[in-house]
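Residues in the sequence shown are numbered from 0 upward in steps of one, following numbering that gives the first Met the number 0.
Comments concern the structure below.
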Amino acid sequence: MIAHSEWKHDDIFEGIAESGKTIVFDADAEHAHGPSPVEAVLMALCCCTSVDVVGILQKKRQPLTGLRVTASATRAETIPRVFTHIRLTYAVHGQLSRKAVEDAVALSKNKYCSVSKMLEKAAKIDYEIVYVDGEPLP
């Protein structure tokens with residue numbers, strides 16, 4: 000895997016993946032043109048674990064109708080301001096089995112999510128599951 004970045008102007012940078020796909024990063028405090036690089040890492044964590052959870056629940060034939068993963072992160076006070084703690088909240092929609100959802104989230108965190116495995120070398124990552132449609136099925 001190869002990626003590179005190009006400085007465009009001011010605090011604007013473009014990240015380019017080997018596939019040719021691009022993301023605009025904005026290092027300015029307002030982030031008017033795109034996420035900061037650190038925000039993008041947190042977004043990547045949410046997306047990476049979402050891919051796992053959706054795929055696992057689909058394989059288990061669970062009637063998932065929606066998923067939102069939210070990450071709340073704490074950063075170190077001094078430079079480098081790495082993440083020290085990340086709390087993931089999985090808001091799941093559908094009449095789902097509690098065990099299936101818990102297993103899917105645990106498998107993502109402990110086995111499949113590459114971004115999570117990299118970040119947990121520096122930060123404690125924990126999670127909660129919220130069943131938006133009420134109590135899950137047994």
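For glycine and all other residues, C-beta sits at the position ideal for the given N, C-alpha and C.
Close beta carbons around residue 39, own chain, < 7 Å, minus the five adjacent residues each side: 22, 24
Proximity below 8 Å, CB of residue 131 to CB of residue 89: no
Per-residue burial, residue 46 [other beta carbons within 10 Å of its own, 16 or more giving buried]: exposed
Nearest candidate by alpha-carbon position, reference residue 129, set 0, 96, 91: 91
Same chain, Cβ closer than 6 Å to residue 12, neighbours up to 5 away in sequence not counted: 4, 6, 24
Contiguous beta strand (DSSP E) assignments of at least 3 residues, all confined to the stretch 57-98: 65-74, 82-92
Residue 36 to residue 65 span [Cα, whole Å]: 27 Å
Closer than 8 Å to chain C by CB, residue 16: Protein chain content of the structure displayed is limited to a single chain, and chain C is not contained in it.
Rounded separation between residue 75 and residue 133 - CA only: 36 Å
Minimum C-alpha distance to residue 104 - residue among 61, 73, 126: 126
Distance, residue 100 Cα to residue 85 Cα: 20 Å
Pairwise C-alpha distance: residue 48 and residue 61: 17 Å
Residue from 28, 33, 79, 29 whose Cα sits closest to the Cα of residue 14: 33
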